[in-house]
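Asks:
Residue numbers (our numbering): 97 to 184.
1) Where residue 121 and residue 160 are concerned, what is the direct C-alpha to C-alpha distance, given to the nearest angstrom?
2) Decide yes or no for the touch test of the segment 129-137 against the segment 102-115: beta carbon pairs closer than 8 angstroms, at least 3 of them.
3) Of all the options 155, 139, 151, which has the alpha carbon lying nearest to the alpha carbon of residue 175?
4) Measure the C-alpha to C-alpha separation of residue 123 and residue 155 and round it to an integer number of angstroms.
5) Where do the N-terminal and C-terminal ends of the alpha helix (DSSP H) with residue 147 fall, by residue?
6) So, are the CB atoms of residue 136 and residue 149 less than 7 angstroms apart?
7) Which value, in whole angstroms, describes the spacing of the CA atoms of residue 181 and residue 173?
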């Protein structure tokens, strides 16, 4: 998030306020949401296992990944995968 602020030529505080004003959420939460959505699309693709997906989207802790995923989708990543329609 600090790097994104630098890329936007803003201080950390300015970037935080701007993102919060535009989205109603913190930059960290917004970034986590993008990562969780990317994880969901990778799960739907079915090419990688859950642990590989977790690392692919930038999480390093399985418990934190599962907690963040559950917060957004209401299911653990494996429950989400199991609820998807079977591909033919």
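By construction, the Cβ of each residue, glycine as well, lies at the ideal position given by its N, Cα and C atoms. Here the structure is a predicted model, which means the values were calculated and not measured.
Replies: Quick look at the numbers:
1) 19 angstroms
2) no
3) 139
4) 16 angstroms
5) 146-152
6) no
7) 15 angstroms
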